[in-house]
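There are 2 protein chains.
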Amino acid sequence: MMFGDFRLDAQEREALNAISSKIHKPAKCRIYAQDEPARYLYIIRSGAVRLEYQREDGRNQIFAFLWADNMFGTAENGLYRASAVTLIDTYLFQIPYPALRTLIEFRPRIQTLFLQHALKYTRATERHVLLATYPLVTKRLAGFLLECSKQADFFDRRSHILTLAMDRKDIADYLGIALETTSRTLKVLEDMDLIKRLSSQRMQINTEQIRIMISQ
Amino acid sequence: MMFGDFRLDAQEREALNAISSKIHKPAKCRIYAQDEPARYLYIIRSGAVRLEYQREDGRNQIFAFLWADNMFGTAENGLYRASAVTLIDTYLFQIPYPALRTLIEFRPRIQTLFLQHALKYTRATERHVLLATYPLVTKRLAGFLLECSKQADFFDRRSHILTLAMDRKDIADYLGIALETTSRTLKVLEDMDLIKRLSSQRMQINTEQIRIMISQ
DNA sequence: CGTTCGGTTGATTCCGTTCAACGCGAGTGG
DNA sequence: CCACTCGCGTTGAACGGAATCAACCGAACG
Numbered sequence: 001m002m003f004g005d006f007r008l009d010a011q012e013r014e015a016l017n018a019i020s021s022k023i024h025k026p027a028k029c030r031i032y033a034q035d036e037p038a039r040y041l042y043i044i045r046s047g048a049v050r051l052e053y054q055r056e057d058g059r060n061q062i063f064a065f066l067w068a069d070n071m072f073g074t075a076e077n078g079l080y081r082a083s084a085v086t087l088i089d090t091y092l093f094q095i096p097y098p099a100l101r102t103l104i105e106f107r108p109r110i111q112t113l114f115l116q117h118a119l120k121y122t123r124a125t126e127r128h129v130l131l132a133t134y135p136l137v138t139k140r141l142a143g144f145l146l147e148c149s150k151q152a153d154f155f156d157r158r159s160h161i162l163t164l165a166m167d168r169k170d171i172a173d174y175l176g177i178a179l180e181t182t183s184r185t186l187k188v189l190e191d192m193d194l195i196k197r198l199s200s201q202r203m204q205i206n207t208e209q210i211r212i213m214i215s216q
Numbered sequence: 001m002m003f004g005d006f007r008l009d010a011q012e013r014e015a016l017n018a019i020s021s022k023i024h025k026p027a028k029c030r031i032y033a034q035d036e037p038a039r040y041l042y043i044i045r046s047g048a049v050r051l052e053y054q055r056e057d058g059r060n061q062i063f064a065f066l067w068a069d070n071m072f073g074t075a076e077n078g079l080y081r082a083s084a085v086t087l088i089d090t091y092l093f094q095i096p097y098p099a100l101r102t103l104i105e106f107r108p109r110i111q112t113l114f115l116q117h118a119l120k121y122t123r124a125t126e127r128h129v130l131l132a133t134y135p136l137v138t139k140r141l142a143g144f145l146l147e148c149s150k151q152a153d154f155f156d157r158r159s160h161i162l163t164l165a166m167d168r169k170d171i172a173d174y175l176g177i178a179l180e181t182t183s184r185t186l187k188v189l190e191d192m193d194l195i196k197r198l199s200s201q202r203m204q205i206n207t208e209q210i211r212i213m214i215s216q
């Protein structure tokens, strides 16, 4: 990575802190809506957020699920490109764009942080493309579970138990499939002994076997 | 956009120029390969490039088609994430990463340029997700043609004639469909009077009607 | 004139969508 | 406490669209 080792120094961190406010949102709460003027940039302190895009034809596409330490709220022509909605109880940093721009003029080095995050988000979106274009839905979903299991907060490495913060519709809208297919395919994965469903939101997953299945 | 109005000043441009070399690649030439150590960042002066990702299962996924003024060559853990291949005769700026890092330490403001490009690429990738997840292939391909028609170098606004720099396989690998489907779907679009094929690489396209079709 | 490569077309198969019904737990009010 | 509803997840049957495998076409090239 280009700036993998970058860290803000104490002064920079404080300067950024000075213009940020800490805010809280309960679960299933809209933080902002698509096409609304982009006033703030957000950083997740804890919780989870989905970015969703409303298509002209009425369907919904989820661009990303975001976790602690991720950033969101980038704009296109001054407007938010997608809506941001909390999946669960979430705490955020809220940074007003005008103040941020001023800060960056004085301390251009801070941009590295944002460049770092932009590159991270881009990689995630590329992985998203890879998932969403698997011709077989089993691979899409299996790959999605692997992706989720990278989130330490929601995956226990000992017991291999994954807790999903999103519902079936969210998964379907992320992978571009019908929500019934999500259900059915989870069953297929269970029949292949790749996962064991404990409840609708919790499952034990066999990461090794899943990886093998995907690469075939 | 966050830094839509940013421009390098004369000094900065010169400093960046000093560490860049101008190189040339003929059509269908590999610039670098996936998983190779990332030594250079590239900016396209003229021409067109595709970024392609080789999957474990042997299939190929194209991440993006890039045109003049675009940047590519970002790394993950020091390695290129995808291969870069020219579609046509292409002229590039080649910027070595070590020199770039040093330059940025002295002139951190230059980073804005890279942040700008990263955000632009991210938006393109999000549009890619939207295209690749249309349930109907006709919409995927139609949307792709619209996307291509944004490139002034390859689309004549008067005659509405689009020149494709990529072949059928590339389009298929970009949209996640079979190459035969690309052919068939072009025929469907022609039967719907949305396009008129002049040759395999050139076609006249009805952007208005296509937009309407997609939003239904 | 034969070869090769990219593009097109055809027939069959299969996978995911659609529309519909059903199950189940949580919350609510009588 | 039970009946009812509501949201969410699951299951079933029929349909349709894209993949696959195969053949074919035409232009470029030696």
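The listed protein sequences correspond, in order, to chains A and B.
For the first sequence, UniProt numbering begins at 1 and goes up steadily by one.
For the second sequence, UniProt numbering begins at 1 and goes up steadily by one.
C-beta atoms are modelled at their ideal positions from N, C-alpha and C, and glycine is treated no differently.
Check, Outcome
"Contained beta strand (DSSP E) runs [length at least 3] in the UniProt domain \"Cyclic nucleotide-binding\" (14 to 73) of chain A, N- to C-terminal order", "21 to 25, 30 to 32, 40 to 46, 49 to 54, 60 to 66"
"Extent of the continuous beta strand (DSSP E) run through residue 157 of chain B", "Here residue 157 of chain B belongs to no beta strand (DSSP E), and DSSP marks it neither H nor E."
"For residue 95 of chain B, the residue or residues it bridges with in DSSP", "B:41"
"Residue 96 of chain A versus A:19, A:131, A:162, A:83, residue with shortest Cα-Cα distance", "A:19"
"Between the CA atoms of residue 16 of chain B and residue 100 of chain B - distance to the nearest angstrom", "8 Å"
"7 Å Cβ cut-off: residues of chain B touching residue 121 of chain A", "122"
"Between the CA atoms of residue 85 of chain B and residue 47 of chain B - distance to the nearest angstrom", "11 Å"
"Rounded straight-line distance, which links the Cα of residue 79 of chain A to that of residue 1 of chain B", "Summary for residue 1 of chain B: the model assigns pLDDT 48, below 50, so the residue's position carries little reliability; its value from the coordinates is reported in the next sentence. Spanning the two alpha carbons is a distance of roughly 8 Å."
"Inter-residue CB distance, residue 89 of chain A and residue 26 of chain A (contact presumed, cutoff 8 Å)", "6 Å"
"Host beta strand (DSSP E) of residue 83 of chain A (start-end)", "83 to 86"
"Backbone secondary structure at residue 80 of chain A - three-state DSSP", "strand"
"Cutoff 7 Å: residue 130 of chain B Cβ touching any chain A Cβ", "yes"
"Run of the alpha helix (DSSP H) containing residue 210 of chain A, from where it starts to where it stops", "207 to 214"
"Per-residue contacts from residue 80 of chain B into chain A (C-beta, under 9 Å)", "None at all; the shortest Cβ gap to chain A is about 12 Å."
"Partner residues on chain A for residue 108 of chain B, Cβ-Cβ distance less than 8 Å", "108, 109, 111, 112"
"Bridge-paired residues (DSSP) for residue 162 of chain A", "A:155, A:203"
"Residue-level contact to chain B via CB, residue 222 of chain A, 7 Å cutoff", "With chain A running from 1 to 216 in the structure shown, residue 222 of chain A is simply not present."
"C-beta contact flag for residue 60 of chain A and residue 167 of chain A at 7 Å", "no"
"Where the beta strand (DSSP E) containing residue 197 of chain A begins and where it ends", "195 to 197"
"Contact check, residue 122 of chain A vs residue 122 of chain B, beta carbons under 7 Å", "yes"
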